[in-house]
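Student: Take a look at the following structure, please.
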Amino acid sequence: MVLFALWMFGIFAGCESNTNNLLENKAISSIDLECKNQCTLSDGTPFIHREFKEEAELKLFTDAIKKAEKMPGILDYFVILEMRITFEDRTSKMFYLNISNSTDLQTGLLIEQSKSEQGYQISSKISERLRETIYKTTAS
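Quick look at the structure:
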């Protein structure tokens, strides 16, 4: 019986998902970013607002959010971007997203506005892809 209990514990412990539930299993229809701290595009042009609706862009943001890892402790941070996620059911959710325009390899920070003491770390690889997408110069 003890071996069975240990086996069951191993099964359930091993089944823990590598994703969080920040998106509540909802599909994203758009992402709106508002700059809160001196954002500039790759050509040096400042921007205040960016909107993303393309499928590849939404997939990148979805992957970044789902794979973001919960950070321990209480955070001390400044906000670079405010992010509104609008879901296909027309509800929305607000986050802070800290992805800098620096080309130095950095991790990103994601914070749900309603739970601003809890942060989630975005891997440096995904953060780099987000940086390229967010700060790219758009065609006129």
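Its first residue numbered 821, the sequence shown is counted upward by one per residue in the numbering used here.
Cβ atoms here follow ideal geometry from the backbone N, Cα and C, with glycine treated the same way.
(1) Let me check one thing: in DSSP terms, what residues is Asp852 bridge-paired to?
(2) Verify whether the separation of the beta carbon atoms of Thr927 and Ser947 is less than 8 Å.
(3) With distances taken between CB atoms, is the gap from Leu929 to Gln938 smaller than 8 Å?
(4) Pair every Cβ in the segment 846-855 with every Cβ in the segment 863-878, then say whether three or more of these pairs are closer than 8 Å.
(5) Looking at C-alpha atoms only, which residue of Leu861, Thr865, Leu878 is the closest neighbour of Ala847?
(6) Give the DSSP bridge partners of Leu930, in chain order.
(7) Pick helix, strand or coil for Ser912, following the three-state DSSP scheme.
(8) Apart from the five residues on each side of it in sequence, which residues of its chain come closer than 6 Å, Cβ to Cβ, to Lys886?
(9) Specify the secondary structure class of Lys886 as computed by DSSP and reduced to three states.
Tutor: Here's the rundown:
(1) Answer by DSSP bridge pairing, in chain order: Glu871, Arg904.
(2) For Thr927 and Ser947, yes; Cβs fall inside 8 Å.
(3) No.
(4) With contact defined as three or more Cβ pairs closer than 8 Å, the segment 846-855 and the segment 863-878 are in contact.
(5) That would be Leu878, whose Cα lies nearest to the Cα of Ala847.
(6) Bridge partners of Leu930: Leu917, Tyr940.
(7) It is a strand residue.
(8) Close CB contacts of Lys886 within its chain, under the 6 Å cut and outside five residues either way in sequence, are with Thr839 (chain order).
(9) Assigned with DSSP and collapsed to three states, Lys886 falls in helix.
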